[in-house]
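Asks: Going left to right, the sequence shown walks through residues 0 to 291 as numbering that gives the first Met the number 0 numbers them.
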Amino acid sequence: MRLAKRWAWACMLPFFMWTNECLANKARIYLDEEDELKVFTSLTAPSNIAGATNKLLFDALGNDSIEFVLSSYNRALREMQSKTRAICTINRIKTAEREASFLFSLPVNFYLSRRLYQHESARKLTNAVLNSNGEIRSLQTLFKVYSSKLIALSDNMSYGPFLDDQLKQVDSSNKVIRSGSEQYETIYRMFRLQRVDYLLGYPAEVFRHVKNDGARYRTYKIAGTPTIILGHVMCNKTPSSQALIKTINKAMRKIYKTEPFVAAHLNFLPPSEYTVTQSIIEKYRYKLDEKK
């Protein structure tokens, strides 16, 4: 009997070793929102641009090469110190500081740049902080005039190089910093409940929330802000990560040319933003084709 068990275990051992080796070779994609995990594992439909565009990518990659891990972004950054396996996060803005430490894919999603939101019930911003186009001159100017106002921000999140530079000049007394998982939802909830005065939000994300909660906000563009912000897959620097980025880029070049990719953006935008978004995607396609 013991001999039979040993024989059975000897037969099973190579299978377990092969399974563990396969798991170890999979790239880990760290997600900081449970809803994202549900979308990418087909338990629920996408509810925003990030979910819809990344699902197109992950469906193209298949489950054989990746596994999802739910965790905070800060933990993901710690894990990305690994030098052996590919560890990545999604929807990351490329900055010079990040490029020094991480690898980036081609853009997976195109977001109209963040704007500043305030509650409609609040007093309109004074002309002293606005230019002739009705745009906020700068965040520094805004908080010099409204020195007691608060804005909620996410820890370790880039708002793009342009806004990152401006936020560095804003006094810490005006900032409420939040860390942990589901930062987008936490920051928006703080703003909706008027625990802070301002929100730096993507039009697509605010549009999604307003459809659900019926809140009314006033919005301002910030002078000089780039029209679009690109979201990338960001990975640690390992040979397996380089191979994964190459595979992702190959998949994205095909996905860009599909109608579902355009729909993954337009489905979550107000009609007033359709034309500019379609134009930006088309220009990016053309730019990539020129480089071939």
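In this text, a Cβ means the ideal position worked out from N, Cα and C, and glycines have one as well. From a predicted model like this one, the values you see are computed outputs, not experimental measurements.
Helix, strand or coil for F103 per DSSP?
Replies: Position 104 of the sequence shown, counted from the start, is the residue given in the question as residue 103. Three-state result, F103: strand.
Asks: Tell me the rounded alpha-carbon separation between M189 and Y183.
Replies: Here the question's residue 189 lines up with position 190 in the sequence shown. Here the question's residue 183 lines up with position 184 in the sequence shown. M189 and Y183: Cα-Cα distance of roughly 10 Å.
Asks: Taking Cβ positions, are S71 and D31 nearer each other than 8 Å?
Replies: Counting from one through the sequence shown, the residue named residue 71 turns up at place 72. Counting from one through the sequence shown, the residue named residue 31 turns up at place 32. Yes, the pair counts as a contact, with Cβ atoms nearer than the cut-off.
Asks: Looking only at its own chain, which residues have a Cβ that is under 7 Å from the Cβ of C234, when we skip the five neighbours before and after it?
Replies: The residue given as residue 234 occupies position 235 in the sequence shown. Around C234: A85, I86, C87, F101, L102, S240, L243, I244.
Asks: Touch check for the stretch 199 to 207 and the stretch 118 to 133: three-plus C-beta pairs under 8 Å?
Replies: Verdict: no, contact absent.
Asks: Report yes or no: do the stretch 249 to 264 and the stretch 33 to 52 share at least 3 C-beta pairs separated by less than 8 Å?
Replies: Yes, the stretch 249 to 264 is in contact with the stretch 33 to 52.
Asks: Can the beta-carbon of D154 be found less than 8 Å from the beta-carbon of S172?
Replies: Your numbering for residue 154 matches position 155 in the sequence shown. Your numbering for residue 172 matches position 173 in the sequence shown. It is not a contact, given that the beta carbons lie outside the stated cut-off.
Asks: Quick check on the DSSP output: what are the complete beta strand (DSSP E) runs of length 3 or more inside the stretch 17 to 92, in order along the chain?
Replies: If we require 3 residues or more, the beta strand (DSSP E) runs fully inside the stretch 17 to 92 come out as 26 to 30, 65 to 69, 86 to 91.
Asks: How would you call P225, buried or exposed, if buried means at least 16 neighbouring beta carbons within 10 angstroms?
Replies: The count along the sequence shown starts at 1 and reaches residue 225 at position 226. That one is exposed.
Asks: Taking 6 Å as the limit between beta carbons, can you name the residues of its chain near E181, skipping five residues before and five after?
Replies: Residue 181 sits at position 182 when you count from the first residue of the sequence shown. So the list reads E32, once near-sequence residues are dropped.
Asks: From G133 to G223, what does the alpha carbon distance come to, in whole angstroms?
Replies: Looking up residue 133 in the sequence shown gives position 134. Looking up residue 223 in the sequence shown gives position 224. Distance between the alpha carbons of G133 and G223 is about 12 Å.
Asks: Once the 5 residues before and after Q139 are set aside, which same chain residues still bring their CB inside 7 Å of it?
Replies: Taking the sequence shown and counting its residues from 1, the one referred to as residue 139 is at position 140. Q165, Q168, V169.
Asks: If distances are taken between C-alpha atoms only, which option among K236, L152, R136, T218 comes closest to T83?
Replies: Mapped onto the sequence shown, residue 83 falls at position 84. Nearest of K236, L152, R136, T218 to T83, Cα basis: K236.
Asks: What residue range is occupied by the uninterrupted beta strand (DSSP E) comprising R215?
Replies: Mapped onto the sequence shown, residue 215 falls at position 216. Taken as a continuous stretch (DSSP letters only), R215 belongs to no beta strand (DSSP E), as it is neither H nor E.
Asks: From T40 to Y285, what does the alpha carbon distance come to, in whole angstroms?
Replies: For the purposes of this step, residue 40 is identified with residue 41 of the sequence shown, where counting begins at 1. For the purposes of this step, residue 285 is identified with residue 286 of the sequence shown, where counting begins at 1. Approximately 32 Å between the Cα atoms of the pair.
Asks: Determine the burial state of N62: buried for a count of at least 16 other Cβ atoms within 10 Å of its Cβ, exposed for fewer.
Replies: Along the sequence shown, read from residue 1 onward, the residue named residue 62 stands at position 63. Counting Cβ neighbours within 10 Å, N62 comes out exposed, since fewer than 16 surround it.
Asks: Might you give, ordered along the chain, the residues of its own chain that have their beta carbon closer than 6 Å to the beta carbon of V275, omitting 5 neighbours on each side?
Replies: On the sequence shown, position 276 is the one that residue 275 refers to. Counting only Cβ-Cβ distances below 6 Å, and skipping sequence neighbours, we find nothing.
Asks: When the distance is taken between beta carbons, is R207 closer than 8 Å to F161?
Replies: Taking the first residue of the sequence shown as position 1, residue 161 is located at position 162. Taking the first residue of the sequence shown as position 1, residue 207 is located at position 208. No. Outside cutoff.
Asks: Take M251 as the anchor and find which of L60, S46, V38, K37 has the nearest alpha-carbon.
Replies: One-based indexing of the sequence shown puts residue 251 at position 252. Looking at the Cα atoms, L60 is the closest of the given residues.
Asks: Looking at the secondary structure, which residues open and close the alpha helix (DSSP H) in which A242 lies?
Replies: Numbered from its first residue, the sequence shown carries residue 242 at position 243. From DSSP, the alpha helix (DSSP H) with A242 extends over 238 to 254.
Asks: Quick one, which of L42, E78, N108 has its alpha-carbon nearest I89's?
Replies: Against the sequence shown, residue 89 aligns to sequence position 90. Comparing Cα-Cα distances from I89 to each of L42, E78, N108, the minimum goes to N108.
Asks: With 16 as the cutoff for other CB atoms within 10 Å, does V144 come out buried or exposed?
Replies: Counting from one through the sequence shown, the residue named residue 144 turns up at place 145. Burial call: exposed.
Asks: Could you give the first and the last residue of the continuous alpha helix (DSSP H) run that contains M156?
Replies: The residue given as residue 156 occupies position 157 in the sequence shown. Unbroken run through M156: none, as it is neither H nor E.
Asks: In whole angstroms, what separates the C-alpha of F67 from that of L124?
Replies: Position 68 of the sequence shown holds residue 67. Position 125 of the sequence shown holds residue 124. Cα-Cα distance, rounded: 43 Å.
Asks: What residues in its chain sit with their C-beta under 8 Å from that of I280, if we drop five residues either side in the sequence?
Replies: Counted from its first residue, the sequence shown places residue 280 at position 281. Closer than 8 Å at Cβ, skipping near neighbours: F109, Y255, F260, V261, H264.
Asks: What three-state label does DSSP hand V232 in the structure shown?
Replies: Numbered from 1 along the sequence shown, position 233 holds the residue referred to as residue 232. Here V232 sits in strand by DSSP.
Asks: For a quick check, are the C-beta atoms of I221 and R114 less than 8 Å apart?
Replies: Locating residue 221 in the sequence shown gives position 222, counting from the first residue. Locating residue 114 in the sequence shown gives position 115, counting from the first residue. In contact: I221 and R114 (Cβ atoms closer than 8 Å).
Asks: Can you grab the Cα-Cα spacing for the pair D196 / S64, in whole Å?
Replies: For this step, residue 196 is matched to residue 197 along the sequence shown. For this step, residue 64 is matched to residue 65 along the sequence shown. In a straight line, the C-alpha of D196 is about 44 Å away from that of S64.
Asks: Do you know offhand how far F142's Cα is from G159's?
Replies: By one-based count along the sequence shown, residue 142 stands at place 143. By one-based count along the sequence shown, residue 159 stands at place 160. Going from the Cα of F142 to the Cα of G159 covers about 19 Å.
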